[in-house]
Structure formats: C-alpha cells, structure tokens
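The sequence shown maps to residues 111 to 614 in our numbering. All residues carry an ideal CB built from backbone N, CA and C; glycine is no exception.
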Amino acid sequence: MRDHQGPGLRIDTNLLKDWLTIQNWYRLLPFVAGLLAGFALPPQAWLPLLWLALVPLWGASPRAGFVWGSAAVLVSHRWLLALHPLDWLGVPSPLSLPLVGAVLAGCALAGGGLVALWAGLVQGLGPRRWTTAVLAALVWGLAEVLLARLPLFWLGLGVAPLPLDRPLAGLAALGGAGLVAAVQLLISWLLWRRAWAALLLLILAAHGLGWGALAAAGAGARPVATPAVTPAAQTLRLQLVQPALPTRQKFEWAQQRRLMALLDQAQLEAGSNGAAAVVLPEGSLLLGQPLRRPAAVPILAGGFRREGVEERSSVLWIAKGAQLPSRWLDKHRLVPLGEWVPGAEWLNWSGLSAVGGLSPGLPSRHLGLPMGAVGVAICYELSDGTGLAQAVRDGAQWLLVVANLDPYPAQLQQQYLALAQLRAIETGRWLVSVANTGPSAVIDGQGLVRGQLPLGKAVTAPLGFELRQGLTPYDRWGEIPLVILAGLLLLLRAWPRCRRGAAG
111 MRDHQGPGLR IDTNLLKDWL TIQNWYRLLP FVAGLLAGFA LPPQAWLPLL
161 WLALVPLWGA SPRAGFVWGS AAVLVSHRWL LALHPLDWLG VPSPLSLPLV
211 GAVLAGCALA GGGLVALWAG LVQGLGPRRW TTAVLAALVW GLAEVLLARL
261 PLFWLGLGVA PLPLDRPLAG LAALGGAGLV AAVQLLISWL LWRRAWAALL
311 LLILAAHGLG WGALAAAGAG ARPVATPAVT PAAQTLRLQL VQPALPTRQK
361 FEWAQQRRLM ALLDQAQLEA GSNGAAAVVL PEGSLLLGQP LRRPAAVPIL
411 AGGFRREGVE ERSSVLWIAK GAQLPSRWLD KHRLVPLGEW VPGAEWLNWS
461 GLSAVGGLSP GLPSRHLGLP MGAVGVAICY ELSDGTGLAQ AVRDGAQWLL
511 VVANLDPYPA QLQQQYLALA QLRAIETGRW LVSVANTGPS AVIDGQGLVR
561 GQLPLGKAVT APLGFELRQG LTPYDRWGEI PLVILAGLLL LLRAWPRCRR
611 GAAG
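Spelled out as structure tokens, the structure:
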C-alpha cells in the first residue's frame with residue numbers, strides 16, 4: 111500500500127485506483143443516467159440527452175432499473191421541496207423539511223419500483239428482440255396513461271418533447287401521450303442496438319407523422335359560430351385574472367380585498383373590450399362566498415361549494431347580474447395529503463393544505479356553458495388526457511384549466527404549461543389556462559402558445575381563442591390502437607410456445 115501524506119491529509123492510492131476502475135463507474139451508470147433523464151424532462155426538453163439516458167435501461171437489471179427510476183423522479187419532482195416550510199399549516203419547523211423530504215422520497219421510491227418492474231419484464235422477454243422492444247415500449251406508454259389517472263402526479267416521457275419539439279409531440283393527436291412515450295423508448299432501443307439506419311428512419315418518420323397530424327388537426331377542426339364569437343376573427347375573448355396571491359396568506363382579509371379589487375378591475379376591462387367572461391384561477395372564491403355586487407359580465411371562477419355535508423373544489427359559473435353560481439363542475443381528482451388524506455376521519459388531519467378535507471366530484475370533465483361546452487381540468491387533473499378527450503367526445507369545443515401552483519417554483523409552472531400543450535394537441539382544441547401565479551395562457555389546437563401573462567405578476571388581460579369542432583384520432587379511439595398492438599405482439603410471442611405444446 112502506498113500512501114501520499116501531507117499536513118492532515120492521507121490518500122490511499124490503491125483504493126483510489128479501485129474507485130476509478132471502469133467496473134465501478136459502470137455501477138454508477140443507472141444512477142447517473144436517471145439523474146440526466148430527470149434533468150432532460152420539461153422544461154428543458156433536451157430530447158437527445160433523454161434518449162441517451164434511456165439507453166442503459168435496456169440492459170438493466172430490476173435493481174438497476176430501481177436506481178434509475180428513483181434518481182429520475184428525485185430530479186424531475188424536486189419542486190416538491192418548495193412546500194417547506196409548513197409552519198403555516200401548524201407543522202412544527204423542525205418537522206417541516208423532513209416531512210417534505212419524505213413526500214419526495216416516497217414519490218422517488220414509487221417511481222423506482224415501477225421502472226424495476228419494467229426492467230424485469232424486458233430482461234425476462236429478451237431485450238435484443240424487436241418484439242420485446244415494441245411490446246415493452248407500449249407497456250411503458252400505457253402505464254404512463256394509467257398512472258395519470260391515479261392519485262399521484264407523474265411527469266412522463268409522453269410530455270418530454272414539449273415545449274421545443276412540437277412535431278414529435280404531434281403524435282399525441284394520433285395515439286396520445288402513450289404513443290409519444292413508446293416512440294421515444296424505441297428510439298433509445300435502436301441507440302442501444304446501434305441500428306443507425308433504422309434509428310434515422312424512425313426519427314424522421316415520427317416527426318413527419320407528428321407534423322402531418324398537427325397540420326390535419328389545424329385544417330380539420332372547424333370554427334364554431336356562436337353569438338359570443340366575434341364574426342370577423344371567429345374568436346372568443348376572455349378576461350383572465352392572475353392574482354398572484356401568496357397561498358400561505360390567501361385567506362387573510364388584506365389578500366381577499368386585493369383579489370376583489372382585481373376582479374372589479376377585470377369586470378370593467380371586460381365590459382369595455384367585449385370579453386365574454388372573466389376567468390379566475392382555482393380556489394379564488396371562498397366557500398359560499400357571494401360577489402360584493404351583481405356580476406357586470408359572466409364570471410367563471412375556481413372556488414369552493416358545499417354539496418350536502420361535503421365540501422368541493424369547483425369551477426363556478428356566475429351569470430351576468432347574479433352574485434352566486436348557477437352552474438359548476440367539481441374537482442374529481444384530489445391531491446393526496448393536500449386535499450384528501452386516506453383515513454382522515456380517524457387521523458383527524460385534513461392534509462398539507464389550507465383546503466384539506468375535500469370530497470371528489472363526478473368523473474366527467476364536461477361543462478355546458480352559454481359560450482360553448484368546455485372540457486375542464488382543475489389543478490393536476492391536467493395530467494390525465496383521457497378525461498379531457500372524453501369531454502371532447504361529449505361535445506366540448508374548448509378546454510379550460512384552472513390551478514394554483516404557488517408556492518411551487520417556475521420549474522413546475524413550465525412543466526404544467528408543457529402538459530397543457532400536450533392536452534391541446536391530443537384533443538385538437540384551444541386551451542385556456544388560468545393559474546394564481548401562472549401559467550396563464552392560451553394555447554391553440556396545435557400546441558402553440560398564442561398568448562401568456564407574465565409569471566408571478568398580479569395582472570388581468572384579455573386573450574382570445576377559437577371554439578372548435580371535429581375529433582382527432584386520439585379523441586375517437588384513445589389508447590385502443592396501442593392496446594390492440596400490444597395484444598397482437600403478445601400473441602406473436604406466445605404462438606411458438608402454443609405450437610410446441612400442441613405438437614408435444
């Protein structure tokens with residue numbers, strides 16, 4: 111053993127050489143690749159880096175897959191740390207950061223476990239076979255769609271191309287986020303197999319199909335003429351209100367006065383510029399709160415209402431001249447530990463939110479309004495594309511998203527905007543997003559952001575959009591084509607075994 115000694119320093123060079131061996135660096139590869147994948151997801155959307163980070167998964171054991179998935183979620187969901195401090199909810203300061211860290215760690219462990227299961231499937235089927243690659247890619251894509259319907263919030267490969275690569279994201283109009291995710295996994299498999307010609311062909315074909323789907327959605331979706339639509343431009347104008355209220359103080363009297371003053375200003379501006387309604391973000395109106403005076407223009411606001419003994423977070427429609435809502439749509443997918451806690455009646459705890467203890471509404475996201483039927487997503491219901499696609503099949507002519515993303519950082523706001531772009535592409539509908547601190551924006555049916563209010567600023571402004579008819583392939587069939595293809599591949603893999611069994 112050779113030691114280099116200095117004042118207070120002693121280095122074992124043999125041990126250092128051991129750590130620098132290729133074998134040890136290879137053991138770190140799943141962790142490093144997972145970190146890179148987490149960084150490459152939106153808002154960065156560094157697709158080449160993401161595809162390279164996916165490559166090690168094709169040869170990974172379940173253990174390595176667990177490390178990869180955990181590392182990726184730790185990075186992509188690091189915005190959860192912004193929940194700290196929780197003293198405004200009554201959580202003691204010494205417990206706040208450990209509790210928030212535990213939530214992030216729990217998400218990371220769940221993500222790692224899912225990737226471990228997927229890696230085990232790949233290794234069991236034989237990763238070098240093309241049928242394994244296609245089947246595993248479809249399983250991943252369909253799993254992302256399923257996870258988006260469950261309580262936790264996931265940011266998957268389906269949204270990864272946005273905001274930078276709309277042509278690739280255009281595949282969502284054909285097969286949703288699941289198809290976008292599956293294609294990217296196939297790209298990474300071709301990289302792993304070093305099949306350069308096939309890789310180039312797949313990338314070009316995917317972008318070509320996506321671009322064609324976007325063009326078809328723009329050409330095939332017909333504007334809808336209604337009395338509220340400006341005939342010349344065929345656009346509907348809404349007055350958006352982004353109050354930028356600190357969530358930790360939003361229920362204080364001073365903050366509520368500021369919100370009401372901004373609402374009064376928005377109604378005045380809407381009356382002068384011809385806006386069809388004023389729109390406020392999630393949780394703006396308190397439980398049972400009437401307006402101070404009859405609405406000068408219709409108001410579409412996030413707020414709270416009571417259904418029997420249950421409290422609901424809702425989107426409320428207040429007609430012109432009224433002070434209370436006459437129509438509403440309740441939030442169906444509640445935030446676990448925030449708005450809903452399993453066993454809360456026994457724990458006597460409403461969650462990590464000032465609005466905990468809520469009850470879910472009906473699954474339908476369709477709301478009929480005088481200005482045109484709308485598909486509504488409240489907060490992270492936006493991550494579920496199937497609900498909004500169903501609303502479009504039921505007749506929704508545009509999409510509305512309301513949220514309160516304070517105190518989360520700009521990273522989550524930009525991820526949210528990317529999800530909004532994806533939902534617009536899937537459905538071929540214009541989407542209006544109104545959030546407390548942003549993003550408040552209008553996105554067309556091809557995923558292009560047409561207008562956006564400055565993040566984090568208290569502001570009200572009119573933005574226009576179009577009502578649309580017509581259905582994209584994803585609106586019509588959802589994930590059915592992906593499920594059928596996966597089923598055919600399973601039959602293809604099982605057929606030789608069946609024949610051998612019959613011959614024996």
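Item: Helix, strand or coil at Ser206 [DSSP, three-state]; Value: helix
Item: Chain-order list of residues whose beta-carbon lies under 6 Å from that of Ala411 (same chain, five-residue window excluded); Value: Leu390, Ser394, Leu395, Leu426
Item: Per-residue DSSP class, three states only, for Leu345; Value: According to the sequence shown, residue 345 is Thr rather than Leu. Strand at Thr345.
Item: Sub-8 Å separation of Tyr584 and Pro549 beta-carbons; Value: no
Item: Cβ contact (3+ pairs, closer than 8 Å) linking the stretch 302–310 and the stretch 526–536; Value: no
Item: Integer Cβ distance of Leu372 from Ala568, believed to fall under 8 Å; Value: 7 Å
Item: CB contact flag (Ala229, Ser186, <8 Å); Value: no
Item: Stretch-stretch touch, CB-based, cutoff 8 Å, three pairs: the stretch 255–268 with the stretch 283–295; Value: yes
Item: Rounded C-alpha distance that separates Ala405 from Leu191; Value: 39 Å
Item: Helix, strand or coil at Ala551 according to DSSP, with G and I counted as helix; Value: strand
Item: CA-to-CA distance, Arg503 to Arg586, given in whole angstroms; Value: 7 Å
Item: Boundaries of the alpha helix (DSSP H) in which Pro277 is found, first to last residue; Value: 276–279
Item: Endpoints, alpha helix (DSSP H) assigned at Phe263; Value: Run containing Phe263: none; DSSP gives neither H nor E here.
Item: Distance, Ser543 Cα to Leu509 Cα; Value: 8 Å
Item: Through-space distance from Gly495 to Gly286, alpha-carbon basis; Value: 8 Å
Item: Local conformation of Gln352 per DSSP, three classes; Value: strand
Item: For Thr340, three-class secondary structure by DSSP; Value: Because the pLDDT at Thr340 is just 42, under 50, the model does not fix this residue reliably, and the point stays unresolved.
Item: The stretch 145–161 touching the stretch 199–213, judged by at least three CB pairs closer than 8 Å; Value: no
Item: Three-state secondary structure (DSSP) of Ala604; Value: helix
Item: Ser298, enclosing alpha helix (DSSP H) - first and last residue; Value: 282–303
Item: Terminal residues of the beta strand (DSSP E) in which Thr570 lies; Value: 569–575
Item: Candidates Ala326, Ile297, Ala325: closest to Leu314 by CA position; Value: Ile297
Item: Same chain only: Cβ atoms within 6 Å of Pro470, ignoring 5 sequence neighbours per side; Value: His442, Leu444
Item: Cutoff 6 Å; reference Asp554; Cβ partners in own chain excluding five residues on either side; Value: Trp540, Arg560
Item: Beta carbon of Glu169 nearer than 8 Å to that of Ala226; Value: Reading off the sequence shown, one finds Gly at residue 169, where the question assumed Glu. Not a contact, by the Cβ cut-off of 8 Å.
Item: Whole-Å CB distance - Val407 paired with Gly381, under 8 Å assumed; Value: 6 Å
Item: Contact under 8 Å by Cβ, Ala83 with Gly320; Value: No answer is possible for residue 83: the residues shown for the chain start at 111 and end at 614.
Item: Classification of Ile428 by the beta-carbon crowding that lies within 10 angstroms, buried from 16 upward; Value: buried
Item: Three-state secondary structure (DSSP) of Leu598; Value: helix
Item: Same chain, Cβ closer than 7 Å to Leu248, neighbours up to 5 away in sequence not counted; Value: Ala292, Leu592, Leu595, Ala596
Item: Whole-angstrom C-beta distance between Gly574 and Arg347, which should lie under 8 Å; Value: 5 Å
Item: Leu281 vs Leu300 beta-carbon contact at 8 Å; Value: no
Item: Best match in Leu581, Gly222, Pro166 for proximity to Ala181 [C-alpha to C-alpha]; Value: Gly222
Item: Paired residues, beta bridge with Ser543 - DSSP; Value: Val511, Ala551
Item: Separation of Ala147 from Ala218, as counted between CA atoms; Value: 13 Å
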